[in-house]
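The sequence shown runs 4 to 347 under my numbering.
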Amino acid sequence: MKKLIVSCIIVLAAAFAGMAQQAKPDFSKITLVIHGGAGTITRASMTPEKERAYQEALNLALQTGFEILKKGGSSLDAVEASVRMMEDSPLFNAGKGAVFTNDGTIELDAAIMDGKTRHAGTIAGVTNIKNPVSGARAVMEQSEHVMMIGRGAEKFAQEKGLEIVDPAYFRTETRYQQLQRLKDKEKTGLDHSGGSGSTEPIFIEGNKFGTVGAVALDAFGNLAAATSTGGMTNKRYGRVGDVPVLGAGTYADNNTCAVSATGHGEYIIRSVVAHDIAALMEYKKYPVKKAAEEVVLKKLVARGGEGGVIALDRNGNFAMPFNSAGMYRGYIKNGKREVAIYKE
Ligand code: ASP
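Listed below in structure tokens is the structure:
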């Protein structure tokens, strides 16, 4: 009996110690990693002004999310805030500045996932929610569902008090011209394959993507991931990309990693990119960098898919592999902040 009481005390003490440890914030590992899309982004296709504008926008997104982590805020709040900043910037293919569909409309997809609870929310094909990532978060936190699309998702966002805008708000001339050029090429039958010989419809102009995403680790050891996009230029009605497909473009699990992808969505969906990275970590005990590189640089390449990911584990280790010419990306960790565009 005495033995039993002693064991109970030991077990309880250990449990309390564990709880106390969990509740105590550890700021040494807080990390935020973001991307603003992968693709054929080369020095030759850039001007110094454009480069500076992208660097500023990436820095602002990093700063905004990291402020939250520094104050002990959650990784969920941090990824949502960073992605919102990039959605508001006309430079990226998300929110304002998103690409056009074949019909000349703009249809947005977004996702967010909490690594602690493994709860998630995603929306697809919405046309008037100013910050789609917040729409996704509302689905996660204020509905019983994981995924909502089109008019229903819009109605839900409105009911929950999210900012609704005229679809014209998202429109930029640059993106509109991009659609016209692709349509012209399609009409004349030129460059249908980007040189690959494939018969897929044209929706990649110069293979530039521009989706935005963020992954974060907070002081309480929780991971989160968020991604937002306009999809691909000239996409057909109703097309949904990888971003709101959990395990493809977005995934987070405290046991493994948080991932946000960018690139040719159809390939990312078929390769289940984000969850594959987590699965390699879970079942094969790969470190995050090895897992992310295996999927992006080997599996995706072998299948002909172009793109990249940001992936972060619970210890603040991260990787940003991409198999395209460039990827807008950046991170903040241990007082070090870096943004990059090209394959250096
Ligand atoms: N992955 C996105 C999609 O296919 C495109 C991008 O990364 O820009 O919808």
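For glycine and all other residues, C-beta sits at the position ideal for the given N, C-alpha and C.
Secondary structure remark: continuous beta strand (DSSP E) runs of at least 3 residues inside the stretch 27 to 57, in chain order: 34 to 42. Straight-line spacing of the CA atoms in residue 298 and residue 142 works out to 29 Å.
Relative to the ligand ASP, residue 245 has its C-beta within less than 6 Å of a heavy atom. Relative to the ligand ASP, the beta carbon of residue 235 is positioned inside 6 Å of a heavy atom.
The beta carbon of residue 170 is closer than 8 Å to those of 108, 109, 130, 131 in its chain, skipping five residues each way along the sequence. For residue 256, there is no enclosing alpha helix (DSSP H), as DSSP marks it with neither H nor E. Around the Cβ of residue 324, a 10 Å sphere holds 16 or more other Cβ atoms; the residue is buried. Judged by DSSP in its simplified three-state form, residue 221 adopts coil rather than helix or strand. For residue 133, same chain residues with a beta-carbon under 6 Å away, outside a window of 5 residues either side, are 166, 168 in chain order. By the criterion of a C-beta distance shorter than 7 Å, residue 220 is surrounded in its chain by 32, 33, 34, 78, 226, 315, 317, 319, once the five residues flanking it on both sides are discounted.
For residue 184, the enclosing alpha helix (DSSP H) has its first and last residue at 176 to 191.
Contact between residue 264 and residue 218 is ruled out by a C-beta separation of about 11 Å, above the 8 Å threshold. Secondary structure at residue 130: coil, using DSSP grouped into helix, strand and coil. Rounded to whole angstroms, residue 125 and residue 136 show a C-alpha spacing of 8 Å. Taking C-beta atoms as the reference points, residue 222 and residue 83 fail to come closer than 7 Å.
The beta carbon of residue 151 lies closer than 7 Å to those of 126, 142, 159 in the same chain, with the five residues before and after it left out. Separation of the CB atoms of residue 89 and residue 39 is rounded to 6 Å, and the pair is thereby assigned contact status at 8 Å.
By the 16-neighbour rule on beta-carbons within 10 angstroms, residue 173 is buried. The beta-carbon distance between residue 322 and residue 291, rounded to whole angstroms, is 6 Å. This is short enough to meet the 8 Å contact definition.
One Cα belongs to residue 331, the other to residue 185, and the distance between them is close to 23 Å.
Judged by DSSP secondary structure, residue 234 falls outside any alpha helix (DSSP H); it is assigned neither H nor E. With contacts defined as CB atoms closer than 7 Å, residue 71 and residue 333 fail to qualify as a contacting pair. If you check the C-beta of residue 96 against the ligand ASP, you find a heavy atom less than 6 Å away.
In the structure shown, residue 333 adopts extended strand secondary structure according to DSSP, grouped into three states. Of the heavy atoms belonging to the ligand ASP, at least one sits nearer than 6 Å to the Cβ of residue 265. For residue 54, the CB contacts under 8 Å within the same chain, skipping 5 residues up- and downstream, are 344 in chain order. Residues of the same chain with a CB within less than 7 Å of the CB of residue 295, apart from the 5 flanking positions on each side, are 280, 312, 314, 322, 324 in chain order. Counting only the Cα atoms, residue 244 lies some 19 Å from residue 181. Nearest to residue 97 by C-alpha distance, out of 256, 231, 328, is 231.
Rounded to whole angstroms, the gap between the alpha carbons of residue 338 and residue 58 is 18 Å.
Annotation for residue 173 indicates a beta carbon at 6 Å or more from all heavy atoms of the ligand ASP.
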